[in-house]
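K.L.:
1 is the number of the first residue of the sequence shown in UniProt numbering; add one for each residue after it.
For every residue, glycine included, the Cβ atom is placed at its ideal position computed from N, Cα and C.
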Amino acid sequence: MTHCSQPKPLEARKSTALHGEVRVPGDKSISHRALILGALSVGETRITGLLEGEDVLNTAKAMQALGAQVARTGEFAWKVNGVGVAGFAQPQAALDFGNSGTGCRLVMGAVAGCPITVPFDGDASLRSRPMRRVLDPLQLMGASVVSCADGGRLPLTLQGARDPLPIEYRTPVASAQIKSAVLLAGLAAPGVTTVIESEASRDHTELMLRHFGATISSQPEGAHGRRIALTGQPELRGAPVVVPADPSSAAFPMVAALLVPGSDVVLTDVMTNPLRTGLFTTLQEMGASIEISELRGDAGEPMAQFRVKASRLKGVDVPAARAPAMIDEYLVLAVAAAFAEGTTRMRGLQELRVKESDRLEATAAMLRVNGVDVAIEGDDLIVEGRGHVPGGGLVATHMDHRIAMSALVMGLASDQPVRVDDTAFIATSFPDFVPMMRRLGAEFA
1 MTHCSQPKPL EARKSTALHG EVRVPGDKSI SHRALILGAL SVGETRITGL
51 LEGEDVLNTA KAMQALGAQV ARTGEFAWKV NGVGVAGFAQ PQAALDFGNS
101 GTGCRLVMGA VAGCPITVPF DGDASLRSRP MRRVLDPLQL MGASVVSCAD
151 GGRLPLTLQG ARDPLPIEYR TPVASAQIKS AVLLAGLAAP GVTTVIESEA
201 SRDHTELMLR HFGATISSQP EGAHGRRIAL TGQPELRGAP VVVPADPSSA
251 AFPMVAALLV PGSDVVLTDV MTNPLRTGLF TTLQEMGASI EISELRGDAG
301 EPMAQFRVKA SRLKGVDVPA ARAPAMIDEY LVLAVAAAFA EGTTRMRGLQ
351 ELRVKESDRL EATAAMLRVN GVDVAIEGDD LIVEGRGHVP GGGLVATHMD
401 HRIAMSALVM GLASDQPVRV DDTAFIATSF PDFVPMMRRL GAEFA
């Protein structure tokens, strides 16, 4: 199993102004999908800017184990020679996804359309996360669960369908992982597979499927939803992918720059897909100085340059409808809210309870131990900002990379240093986080 290294504690201290221009790692969501769709295509896919964190590397290993040829050709540059839709081969051992729920769930979808039997596993954190929400629609499509731990959790063995069935499926929650698993399974099914969402989730899978040659449509459904229809059994063709910088990773130096007085930081090539920009919108509502320029795009994904300057923030009310566009960023938003003046209420955060940890409770605990007044009411997080944070606490990260990075950002502007019990898991999504922040001027010890 992965993640057996010794804990790596770290302390963040009040810093002088942060300055510089950086490109955060490639987007994790795009990186996973580029590897998977490259493996399901005919011919060669060249990927530049791939996130080389543990989560994505585990997906690369899984594609190799399933028969695709995957090779690193340079720094953040990779090539994949695929096996075609439904062409995966029986792996010789369990696919180990470490800490990655995205990689695991999307590959379950891709495997569900192949007549093979595949064991899936992960680390202790991933083993605790629910898989039933993905397994239910895949079973409707003809896949079957041979074995699993209690509650449909890992480790589990999935037997793909010999004759996959197209379905029309309404997702129970706004989840790009559920939607993507169904669509990836639907590639192998005849006819049209349809996914209906009451709240639109990230559309990276739809955009990239189209980039690789699939016929797929997306139409409005109700006030905030989408109806996505995929024509099955296409011949996907290898295609070049430039991975934009991950907005979820950009969130950490962005918030740090806003909070540390005198800071002026430029973030390049950041993805600006409108279903991923909830944090940017919220920070601007709070009074953040964020200048956006140099807009461009690749493979259907827009990106831009962000210049972020230290700002006085005010508390705001964040609507529940914005949650799908910033679900991974609420932790660091809560840090920004703690330094703001006034109350910030973040609504509808139930999905945070089933992430790498119970992120709702863990975020509240991170703030409380550092002297911030915070409350949870139902699925809402309420932070009482007073313009500064006392700090001085030891944060339990619960094997969660985003808790670790959020706590370290908080320590860069708090009155007293903030310590985290373990930073080892930061490598799952942002291996260069600590050295990059130090280059900007962050004080870590």
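Can you tell me whether DSSP reads M208 as helix, strand or coil?
P.N.:
It is helical.
K.L.:
Helix, strand or coil, according to DSSP, for E294 in the structure here?
P.N.:
Three-state DSSP puts E294 in a strand.
K.L.:
Reducing DSSP to helix, strand and coil, say where K28 ends up.
P.N.:
Three-state result, K28: helix.
K.L.:
Work out the CA separation of F88 and I116 for me, nearest whole Å.
P.N.:
Distance between the alpha carbons of I116 and F88 is about 8 Å.
K.L.:
DSSP puts N81 in a beta bridge; with which residues?
P.N.:
According to DSSP, which records beta bridges pairwise, N81 is partnered with E44 and Q69.
K.L.:
Between which two residues does the beta strand (DSSP E) carrying H19 extend?
P.N.:
Looking at the DSSP string, the run of the beta strand (DSSP E) that includes H19 is H19 to V22.
K.L.:
Out of A185, S198, D328 and P172, which one is the CA nearest neighbour of S406?
P.N.:
The residue with the shortest Cα to Cα distance from S406 is D328.
K.L.:
What are the complete alpha helix (DSSP H) segments, minimum 4 residues, inside the stretch 271-337?
P.N.:
278-285, all fully within the stretch 271-337.
K.L.:
Closest by CA to V85, which one among V369, Y330, L209 and A442?
P.N.:
With distances taken between Cα atoms, V85 lies closest to L209.
K.L.:
If contacts are defined as beta-carbon pairs under 8 Å, then L57 and G26 qualify, I think. What distance do you get, rounded to the angstrom?
P.N.:
Contact doesn't hold; Cβ gap of about 12 Å is too wide.
K.L.:
What do you get for M1, buried or exposed, if any count of 16 or more other CB atoms within 10 angstroms of its CB means buried?
P.N.:
Its pLDDT being 38, under 50, M1 is placed unreliably by the model, and nothing is read from it.
K.L.:
Rounded to a whole number of angstroms, what is the C-alpha to C-alpha distance between L275 and R419?
P.N.:
Computed Cα separation, rounded: 33 Å.
K.L.:
If you reduce the DSSP assignment to three classes, tell me which class S249 lands in.
P.N.:
Looking at S249 - three-state DSSP - the assignment turns out to be helix.
K.L.:
Going by Cα to Cα distance, which pick from S414, A375, R105 and H401 is closest to G392?
P.N.:
Taking only the C-alpha atoms, the option nearest G392 is S414.
K.L.:
If I follow the unbroken beta strand (DSSP E) through D373, where does it start and stop?
P.N.:
That run of the beta strand (DSSP E) goes D373 to E377.
K.L.:
Below 7 Å between beta carbons: does that hold for V265 and V332?
P.N.:
Cβ distance not < 7 Å, so V265 and V332 don't count as in contact.
K.L.:
Please name the residue, chosen from G300, R132, D298 and Q64, that lies closest to Q92 on a Cα-to-Cα basis.
P.N.:
Out of G300, R132, D298 and Q64, Q64 has the C-alpha closest to the C-alpha of Q92.
K.L.:
Among the residues of its own chain, which have a CB less than 6 Å from the CB of A337, if the five just before and after it don't count?
P.N.:
Closer than 6 Å at Cβ, skipping near neighbours: T344, V383 and G385.
K.L.:
Using alpha carbons as the reference points, say which of L126, D150, S175 and P164 lies closest to V134.
P.N.:
Out of L126, D150, S175 and P164, S175 has the C-alpha closest to the C-alpha of V134.
K.L.:
What would DSSP say about A188, mapped onto helix, strand or coil?
P.N.:
It is coil, neither helix nor strand.
K.L.:
Have a look at G151, P155 and D136 and flag the residue whose alpha-carbon is nearest the alpha-carbon of V118.
P.N.:
Comparing Cα positions, the closest option is P155.
K.L.:
Quick one: what does DSSP say E75 is sitting in, helix, strand or coil?
P.N.:
In this structure, E75 counts as coil in the three-state DSSP scheme.
K.L.:
Could you spell out where the beta strand (DSSP E) holding F425 opens and where it closes?
P.N.:
F425 -> no beta strand (DSSP E), and no H or E assigned at all.
K.L.:
How long is the line joining the alpha carbons of D317 and T102, rounded to whole angstroms?
P.N.:
So the alpha carbons of these two residues sit roughly 29 Å apart.
K.L.:
From what residue to what residue does the alpha helix (DSSP H) around C104 run?
P.N.:
Counting along the chain, the alpha helix (DSSP H) containing C104 begins and ends at G101 to A112.
K.L.:
With distance defined between alpha-carbon atoms, name the residue in S218, V242 and R202 nearest to A323.
P.N.:
The shortest C-alpha separation from A323 is found at R202.
K.L.:
To the nearest angstrom, how far is the alpha carbon of G411 from that of F252?
P.N.:
For G411 and F252, the distance between alpha carbons rounds to 12 Å.
K.L.:
Output the boundary residues of the alpha helix (DSSP H) element that contains M366.
P.N.:
Its alpha helix (DSSP H) spans residues R359 to R368.
K.L.:
Taking only three categories from DSSP, how would you classify G38?
P.N.:
Helix, per DSSP.
K.L.:
For a test of the three-state rule: what should DSSP assign to I178, helix, strand or coil?
P.N.:
Three-state result, I178: helix.
K.L.:
Tell me which same chain residues have a C-beta within less than 8 Å of the C-beta of A310, skipping the five on either side of it?
P.N.:
Closer than 8 Å at Cβ, skipping near neighbours: A17, A257, L258, L259, V260, P261, G262, S263, D264 and S289.
K.L.:
Count the other CB atoms, across all protein chains shown, that sit within 10 Å of the CB of G378; report buried if there are 16 or more and exposed otherwise.
P.N.:
Classification for G378: exposed.
K.L.:
Determine, using beta carbons only, whether L10 and T423 come nearer to each other than 7 Å.
P.N.:
Yes.
K.L.:
Is DSSP giving T16 helix, strand or coil here?
P.N.:
Correct three-state label for T16: coil.
K.L.:
For R162, which three-state DSSP category applies?
P.N.:
Coil, per DSSP.
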